[in-house]
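So the protein sequences, as listed, match chains A and B.
For the first sequence, this note's numbering assigns the number 1 to the initial residue and increments by one for each residue that follows.
For the second sequence, this note's numbering assigns the number 1001 to the initial residue and increments by one for each residue that follows.
Structure first, commentary second.
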Amino acid sequence: MTSQPYRLAEGGVIDRTRPLTFSFNGRRLTGYSGDTLASALLANGVHLVGRSFKYHRPRGILTAGTEEPNALVQLEAGNRSIPNLRATRIELYNGLSAASVNCWPGVRFDAGALIDAVHRLVPAGFYYKTFMWPQGGWHVYERLIRRMAGMGRAPEGADPDRYERTNAHCDVLIIGAGPAGLAAAVTAGRSGASVILADERGQPGGSLPDVASDGDVTGTSWLGDTIAELQSMTNVRMFTRTTVTGYFDHNFLIAVERVTDHLGPGAPAHLPRQRLWRIRTSRVVLATGALERPLVFANNDRPGVMLAGSARAYVNRFAVLPGRRAVVVTNNDSAYEAALDLHRNGVEIAAVADLRAVPVGPAAEAAAAAGLNILRGHAVVDTNGRRRVQAVHVAGIGLDGSLTGPVRALHCDLVLMSGGWSPAVHLFSQSGGKLRYDEMLGAFLPDGSRQHVLCAGAMNGVAETASCIVQGQDAGKGDVPAASEPTASTVDAHWPIPARNRSGEVRQFVDFQNDVTAADISLAVSEGYQSVEHLKRYTTLGMGTDQGKTGNVPGIAILAGSLGVPLPAVGTTTFRPPYDPVTFGAIAGRDVGPLADPVRQTPMHAWHAETGAVFEDVGQWKRPFYYPLASETKHDAVARECMAVRRAAGIMDATTLGKIVLSGPDAVRFLNRVYTNAWGGLEVGRCRYGLMLGEDGMVLDDGVTARLAEDRFLMTTTTGNASRVLAWLEEWLQTEWPELDVYLTSVTEQFATVALAGPKARAILTGLTSDIDVSAEAFPFMSWRGGHVAGFPARVFRISYSGELAYEISVPARHGLELWAVLLRSGPDYAVTPFGTEAMHVLRAEKGYLMVGQETDGTVTPIDLGMQWILSTKKDFIGRRSLARSAMLDPLRKRLVGLRTEDPELVLPEGAQILPTAPSGPPETMIGHVTSSYWSGALRRSIALALVKGGRDRESATVHVPLEGRTARAEICDPRFYDPEGLRLHG
Amino acid sequence: MTRYSIFRLARNALAYRPNWPRAWRSPDPRPAYDVVIVGGGGHGLATAYYLAKEHGVSNIAVLEKGWLGGGNTGRNTTIIRSNYLWDESAHLYEKALQLYEGLSRELNFNIMLSQRGVLNLAHNEHDLKEMSRRVRAIRLNGIDSEMLDPQGVKAEVPVINISRQVRYPILGASLQRRGGVARHDAVAWGFARAADARGVDIVQNCEVTGLDVVNSRVRGLRTSRGTIAARKVGLVAAGHSSVLAAMAGLRLPIESHPLQAMVSEPIKPVLNSVVMSNTVHVYLSQSDKGELVIGAGIDGYNSYAQRGSFQIIEGQMGALLELFPSFSRLRMLRQWGGIVDVCPDASPIVGKTPVEGLYINCGWGTGGFKATPGSGWAFAHTIAQDRPHALNAPFTLERFSTGALIDEHGAAAVAH
């Protein structure tokens, strides 16, 4: 076969010196640099590209741009595969490989097309009316339906490419680099404003290369001069291959730059595949042009039926003939320009069927002068051809829209249709702008805008290039473009064009991708789905990957016609972001893999990792869970670590606890409000435990706060809640109590903290400090001292979460690892054992200490925890009033208890539910659940904490805990299992 | 009501012109009704249907400001499950799920309930503990739920990444096999058609502009289509609950937030189950059409505009690609927002109000769709009997003053 038999010898913006080979459905073909996949396919005479969503009908190339509903392909294979890309948007590169989607075994013979044979059984919404038997049966039918649906396939492996997200700010963002956009950019640029000009194509110029014949004003010199001037302006940035796709509030817009897509897999490795731009701008100029609409006639979906303007683009921009013998059908003047361009390039124009009885416009006159066969008041009413159009049927159409006269067949391999142009108002509508319907143009135009946005050019219904440039200049200055009358050709709407036979077999497609026909719309209307939104949802009109860019306006027109109301009364569906689909990877940017969320590590992390610690994720932090020796199980390791603390000494990395410095004269007042207990009496050098409640009276967080100075406190929070507590405190300070003179500073990462716990703790610390008196008298429990430990400046807090004699030593973070090392080798006399969070959990549970997030879940009050002692009665605090509500005083609220299993070896699973009686079959009466449960080496038995209705009132009662396959029994007891008097702690 | 069936489809297929009757009428509002339901979403339509069917109320109108099903019913991610922690919620959502299971046949409208299983993922020790608690409680309430280890997750969802070498590896999951998805529009349409067949007037494009309350008793409503007298009024207008309640002088403990969702382009089946993760915060399923339907958290600010900020979408995308790295090259096709009314305890309000004859059903937050039939069923009972059913008795407005909250926020943040 001749290479590229439909390629013209000259013309176009393609580079004939750079031929490219590619494959489509396994066939090797050639094209040129500058081609799209679609233009290269057409150059090779390939029209059958895909199959439609529902009926699997053969589909060709309808358009030359973003609006393409038909020509969807799977690009490449393996991990770089991409489904559903539009052939009209893929820039050809050497070695490109693409295949049709939604067909099996192939696009020529597709088994799925069987559904087309029984299409009458499956009109719009058929699935709502059947598949209801038996109950639950849908799940079975669904499997088959799902296999039929979908289009392309997801890649199987991880994405080998990289994506970026970048912010940009400018005075003026101009979207669309056609004549209007370029004029706006150069005007704004000359004013000195910072300008971004973004366009989805590889080259600026918009549709100028599509309509190269459009001569006078725009001869290439204007285009070239303008681009050169823009390139010389340092305040103007031109983004090509960049689609502005989302318009949010406050002039915030999202654009996707396809950095290397046009290079294919061979792109340089240092470049991201795509870059998501987040643009904030003072002003937006929309110069997004207009999209041509199809006409709705019977079998208008065959390959070879194409939009007239797109065919013109293939001839002019790509030097490709989309066929040899064409029939043109139009309701406006613009298609004549296409007919003339094709005619000039050797395409035989069999006829131009103009729905208008009296075609008006310069192009129509030129066509007549050129001798084209113009059929006034005629329409194409049907087509023939299986995989490519072979003939059309033409008939006269009266003023009332009915067919007149005989139906004639015309042979052709190409049908050009034009239903007029729809301004690309998508982004304008996303911005919140209102639309108005223009009867003459048969189109929705921008009306009132809600944000600072101006529209220019074809999207205002302006057709002539010169007028577009004037509008662009106005918008570039910041003026609303002079309200020039829309100059696009008026249309004579015929939605749909009547069919020649009325047997009910007629299918006039409105949505080509989803196979929605005019009859489907009428059916939906007759069934009561009359709101445009109902219509969309019932028929799936406009819900394909093209989002109805070509079919929505005809669909709305047919809806209005069926309802017998004027079109504006129907309105449009909501235009939603994105204008053009956005790659997931580009949205995520670098927030994937190791960067999905920051990993926070303490200064001692390297030691933990080298020692083989098992880590757990706590918020963003990595915390050592336990440190197994050689072959130790988790159970053995935790038991060993616990015993070391109880018998000698252990150290734990406590760096991750949140640390907030509160400073200012009102610090005490502030603490009094956010904590339940009173803070006025706390002396400098002392610490106090505090409990923080939400407004609902539920425990929010806890921690120890130390008074550093008269007007300065250091608060600790739990690890997981650190940022939440800071935000909580700031919210109160900033929004409720701005009069308080308090400042909060997070210092979590400024200090490394080691908890040293165990009976030998004091002896160890004594050996490491010369300026802190650590004797029991000089340094009592719940106090802190400043000085030096191991030579490092340190704050030492005598506090304990393990119930042992314990100190928490804080040093500047840079000394953390050294301090840790010093403590570990602090003398052969005392074996210092590192312990992890799990041992800490066990030790504190033995003491009956609460752990926020484990004993609490947002539904637990201090009273429930047996902590009435911490609720001051002398002052107000956040949550206090909520605690006075009647349900809070219910004696049957769940309260904290201890649980002793009948079998001391049995460690209950945490989360196990507690029943008052043996289970009898669901639904059971549940009175609580196990919140914490461990093996206690110190007590040589299991222990558990639980929240149980009635709490300690049930002490000594036996409760039942259903487990997998059996039920355990346990006794309710005091939650303080170990050293209830606190002798060790105070020792 | 003309019954839908495969036979009628076949007969219509052979007909010269298909002859399907209207799914519902489009009546003008009458001057007076026994019960007026404000809000033509799933919950409101279900309420009207069950009022007519279960309680013999014959003179009912549903007033809808826009098009029926156009609020959150048509904007959610269609997930249905009943795996709730607390007894009160479990019973209510389970009632809804049971009604869903028979709903297509009950309404003679295929709502496409697909019980493909809902997985909730655990990513840390705290998640696992919470999950253990939940699954045990749910099972003891007689509702199906099971725990999966990472291999079990992989078996259910072959496309998911269970590698330990990711930021937040999957440590396990709970699975409710009876959970799944349904076609959200069909739920609204099915209830609308069935309610209409029982004589309910569904009035679209009818905005309520005022409530007439005399001596703490509701008398009627002012609407964009005239004044309507009503003995009883039920407010079921998610996204605008506070606005409507304020017309009767009521202040609700509700915050209205945007909640966004998105779909990918349609692709061949790649994901069967519904997958949800609280910790990396994203949830998704694949629709019958092939689109991945993806949701995440609410926008932090209050709003009535049905649009959100893009940062939320960015955040959920990072989370999604952690779980499904092979989805990176798929493309977002469409993105939208709805307004959710959130109560302080993340549980709904379904019951009476201090105004006699005025009932309210609101505050379903981000999870109302799954409750639709159960909510309507219980609310219909409440309106008809002027007292709540046992199922919704705990979900009163008063609970915010008594403190008898039903906190379904899930776990508090892990904290130690």
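Virtual Cβ for every residue (Gly too), placed ideally from N, Cα, C.
How many angstroms separate the CA atom of residue i from the CA atom of residue j?
{"i": "residue 478 of chain A", "j": "residue 569 of chain A", "result": "33 Å"}
{"i": "residue 1264 of chain B", "j": "residue 514 of chain A", "result": "16 Å"}
{"i": "residue 507 of chain A", "j": "residue 1014 of chain B", "result": "15 Å"}
{"i": "residue 1177 of chain B", "j": "residue 1153 of chain B", "result": "13 Å"}
{"i": "residue 333 of chain A", "j": "residue 1364 of chain B", "result": "54 Å"}
{"i": "residue 4 of chain A", "j": "residue 198 of chain A", "result": "33 Å"}
{"i": "residue 860 of chain A", "j": "residue 718 of chain A", "result": "17 Å"}
{"i": "residue 1027 of chain B", "j": "residue 1039 of chain B", "result": "16 Å"}
{"i": "residue 696 of chain A", "j": "residue 1345 of chain B", "result": "9 Å"}
{"i": "residue 583 of chain A", "j": "residue 735 of chain A", "result": "40 Å"}
{"i": "residue 727 of chain A", "j": "residue 310 of chain A", "result": "56 Å"}
{"i": "residue 1102 of chain B", "j": "residue 1147 of chain B", "result": "27 Å"}
{"i": "residue 255 of chain A", "j": "residue 235 of chain A", "result": "19 Å"}
{"i": "residue 979 of chain A", "j": "residue 907 of chain A", "result": "21 Å"}
Check residue i in the structure and name its three-state DSSP category.
{"i": "residue 1109 of chain B", "result": "coil"}
{"i": "residue 1176 of chain B", "result": "strand"}
{"i": "residue 775 of chain A", "result": "coil"}
{"i": "residue 476 of chain A", "result": "helix"}
{"i": "residue 470 of chain A", "result": "helix"}
{"i": "residue 1397 of chain B", "result": "coil"}
{"i": "residue 635 of chain A", "result": "helix"}
{"i": "residue 987 of chain A", "result": "coil"}
{"i": "residue 1 of chain A", "result": "With a pLDDT of 45 at residue 1 of chain A, under the threshold of 50, the modelled position of that residue is not reliable, and no figure is offered here."}
{"i": "residue 211 of chain A", "result": "helix"}
{"i": "residue 1289 of chain B", "result": "coil"}
{"i": "residue 953 of chain A", "result": "helix"}
{"i": "residue 1419 of chain B", "result": "What is shown of chain B runs 1001 to 1416, which leaves residue 1419 of chain B out entirely."}
Cα-Cα, which of the options is closest to residue i?
{"i": "residue 722 of chain A", "options": "A/618, A/451, A/673, A/968", "result": "A/618"}
{"i": "residue 1082 of chain B", "options": "B/1098, B/1067, B/1076", "result": "B/1098"}
{"i": "residue 1029 of chain B", "options": "B/1062, B/1156, B/1006, B/1105", "result": "B/1062"}
{"i": "residue 8 of chain A", "options": "A/779, A/250, A/243, A/324", "result": "A/324"}
{"i": "residue 601 of chain A", "options": "A/593, A/620, A/591", "result": "A/620"}
{"i": "residue 1216 of chain B", "options": "B/1204, B/1232, B/1227", "result": "B/1232"}
{"i": "residue 1128 of chain B", "options": "B/1210, B/1278, B/1219, B/1225", "result": "B/1278"}
{"i": "residue 1294 of chain B", "options": "B/1022, B/1076, B/1230, B/1220", "result": "B/1076"}
{"i": "residue 154 of chain A", "options": "A/273, A/78, A/548, A/499", "result": "A/78"}
{"i": "residue 178 of chain A", "options": "A/152, A/193, A/212", "result": "A/212"}
{"i": "residue 651 of chain A", "options": "A/731, A/525, A/586, A/805", "result": "A/805"}
{"i": "residue 902 of chain A", "options": "A/191, A/896, A/959, A/848", "result": "A/959"}
{"i": "residue 104 of chain A", "options": "A/180, A/279, A/25", "result": "A/25"}
Beta carbon of residue i: closer than 7 Å to some heavy atom of the ligand HEM?
{"i": "residue 1281 of chain B", "result": "Summarising the ligand content, the structure contains no ligands, and the ligand HEM is consequently not present."}
So, under 8 Å CB-CB, residue i and residue j are touching, yes? Tell me the CB distance rounded to an integer number of Å.
{"i": "residue 472 of chain A", "j": "residue 269 of chain A", "result": "Contact flag wrong, Cβ pair sits at about 39 Å."}
{"i": "residue 675 of chain A", "j": "residue 658 of chain A", "result": "Actually they are not in contact, since the Cβ atoms of residue 675 of chain A and residue 658 of chain A sit about 15 Å apart, beyond 8 Å."}
{"i": "residue 1055 of chain B", "j": "residue 1393 of chain B", "result": "No, residue 1055 of chain B and residue 1393 of chain B are not in contact; Cβ-Cβ is about 17 Å, not under 8 Å."}
Worksheet entry | Ranges of the beta strand (DSSP E) found wholly within the region 245 to 330 of chain A, counting only runs of at least 3 | 252 to 258, 274 to 286, 290 to 292, 305 to 307, 325 to 330
Practice prompt. Please specify which runs of the beta strand (DSSP E), each continuous and at least 3 residues long, are wholly inside the region 1074 to 1125 of chain B, giving them in chain order.
Written response: Whole beta strand (DSSP E) segments, 3+ residues: 1118 to 1122.
Discussion item. Residues of the region 597 to 617 of chain A in Cβ contact with chain C at a cutoff of 8 Å, in chain order, please.
Written reply: Although the question refers to chain C, the structure presented lacks it and instead comprises the protein chains A and B.
Worksheet entry | Complete beta strand (DSSP E) runs within the region 1326 to 1382 of chain B (minimum length 3 residues, chain order) | 1331 to 1342, 1349 to 1352, 1358 to 1362
Worksheet item: Taking the runs of the alpha helix (DSSP H) that are 4 residues or longer, which of them lie wholly in the region 1181 to 1245 of chain B?
Response: The qualifying runs are 1184 to 1197.
Discussion item. To test your reading of the DSSP string, which unbroken beta strand (DSSP E) runs of 3 or more residues are found completely within the region 11 to 67 of chain A?
Written reply: 15 to 24, 27 to 33
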